[in-house]
Amino acid sequence: MADLAELLAVLELREVSTDRFEADHLDEGHGVVFGGQLLAQSLLAATRTLPEKQVLSLHTVFARGASPESPLDIAVETMQAGRAFASVAVTASQGGGRICTRSLVLLHDPSPDLIRHSDPAPAAVAAGPDADDAPPRPGGFDFWDIRVVGDVDISDPEAVGPAELQVWSRFPGAPDDLATSQALLAYASDGFLIGTAMRPHAGVGQALAHTAISTTVLTQTLTFHEPFAAGDWLLLDHRSGYAGRGRSHGTAAVYATDGRLVASFAQTNMIRDFPAGQAPAAGEKAKF
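Okay, so the sequence shown: first residue is 33 according to my numbering, each after it adds one.
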């Protein structure tokens, strides 16, 4: 079972030339690299290229799955770098050019408020993570502490409920610098919206992903609003507003325990039967 030091080592990109990096993977035993890891590494490549600015948003297209058998090549192209904002394109590839993900990253130098408002925090924030909430998911990692509000099990195909899911998340002992915290939230953000979309549908659950049902993340957008520390508890408040035509779409708001809305993200996924004649990869299991 991987620990925090192993995760942080994977996020410590190796610079091989100007604006080019190499990155390793966690051995998670799923036959494919977890998408949250790719998001985190792409975000950190952007901050390594423009360290004087903070990441404001990340939009990623998952073109292909990445293999855990070989390292990632990550290239950063600066499209614009001004006083207040900068934008870069980050491409993660393997095998001499086989593109796995491409991300557009917007960075900024935060400005003072002219106006300010945010959605109020849900009641679960005031209640905080409770000992009676569902325990960390079986097969979870030592570095990632997860509590699911309301004893919901998105893995159980017969546990039907609304297309909503609230999850407390933290990475105990993680460095509290903003770039690392943003990368760790990016890692966590990839885990639950497919299962959230499955909740209203009997006979469908995340335990069936990659074994009886073909699922994958297609695109993800993550926007950061306020500073936070990923080592502290954060509530990820997920909702799926649409599923159909072999896809689902979901959004989530991320709240700190003081009620601040610190980030938001949206995800488009594929959820469908395996095409005729195509079987799941042998031994491949869902992460959650």
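For every residue, glycine included, the Cβ atom is placed at its ideal position computed from N, Cα and C.
So, at 8 Å on beta carbons, what are the nonlocal neighbours of residue i in its own chain, with the 5 sequence-adjacent residues on each side left out?
{"i": "R373", "result": "Not covered by the structure: residue 373. The range shown for the chain is 33 to 320."}
{"i": "P170", "result": "Low confidence applies to P170: its pLDDT is 42, below 50, so where it sits in the model is not reliable enough to give any reading."}
{"i": "V192", "result": "R231, P232, H233 and A234"}
{"i": "A261", "result": "A206, D208 and S213"}
Give me the residue from the options with the minimum Cα distance to residue i.
{"i": "A98", "options": "A118, A241 and G129", "result": "G129"}
{"i": "S143", "options": "D162, P161, R115 and E47", "result": "R115"}
{"i": "G282", "options": "L240, Q252, D151 and D305", "result": "Q252"}
{"i": "A37", "options": "F173, T133, D162 and A118", "result": "F173"}
{"i": "T50", "options": "T110, D269, D35 and I131", "result": "T110"}
{"i": "S119", "options": "D145, L88 and P100", "result": "L88"}
{"i": "P259", "options": "G127, H233 and A295", "result": "A295"}
{"i": "T133", "options": "R80, G67, E196 and T228", "result": "G67"}
{"i": "A284", "options": "A261, S221, R148 and V65", "result": "S221"}
{"i": "E101", "options": "V64, A72 and G291", "result": "V64"}
{"i": "S135", "options": "A113, T92, P103 and D151", "result": "T92"}
{"i": "S150", "options": "L293, A298, A308 and A288", "result": "L293"}
{"i": "G237", "options": "Y274, G276 and D185", "result": "D185"}
{"i": "A215", "options": "T289, L90, P154 and D59", "result": "L90"}
{"i": "P194", "options": "R80, L146 and G273", "result": "G273"}
{"i": "L58", "options": "V48, V42 and E47", "result": "V42"}
{"i": "D323", "options": "T228, P152 and Q310", "result": "What is shown of the chain runs 33 to 320, which leaves residue 323 out entirely."}
Apart from the five residues on each side of it in sequence, which residues of its chain come closer than 7 Å, Cβ to Cβ, to residue i?
{"i": "G263", "result": "R202, F203, P204, G205, A206 and D208"}
{"i": "A156", "result": "V181, Q198 and L267"}
{"i": "P103", "result": "E54, A55 and D56"}
Taking 8 Å as the threshold (C-beta atoms), are residue j and residue i in contact?
{"i": "I245", "j": "D305", "result": "yes"}
{"i": "A95", "j": "V137", "result": "no"}
{"i": "L324", "j": "K85", "result": "Here the chain comprises residues numbered 33 to 320, so residue 324 is not present and cannot be evaluated."}
{"i": "A11", "j": "L40", "result": "Missing from the structure shown is residue 11; the chain here goes from 33 to 320 and no further."}
{"i": "L82", "j": "A124", "result": "no"}
{"i": "T300", "j": "R271", "result": "no"}
{"i": "F297", "j": "L254", "result": "yes"}
Pull up the DSSP beta-bridge partners for residue i, would you.
{"i": "H91", "result": "L136 and T253"}
{"i": "Y287", "result": "L267 and L293"}
{"i": "Q299", "result": "Q252 and G282"}
{"i": "I178", "result": "S201"}
{"i": "R115", "result": "BP columns for R115 are empty, so no partner."}
{"i": "R231", "result": "According to DSSP, R231 bridges with nothing at all."}
{"i": "A220", "result": "Beta-bridge pairing links A220 to no other residue."}
{"i": "V108", "result": "V122"}
{"i": "S49", "result": "R52"}
Got a sec? Which residues, its chain only, sit under 6 Å from residue i by beta carbon, not counting five neighbours each side?
{"i": "I303", "result": "T247 and S280"}
{"i": "F117", "result": "H140"}
{"i": "A308", "result": "none"}
So with Cβ pairs under 8 Å, would you call residue i a contact of chain B?
{"i": "F297", "result": "You won't find chain B in this structure, because it holds only one protein chain."}
Sequence ranges, beta strand (DSSP E) only - wholly within the stretch 123 to 167, length at least 3: 130 to 140
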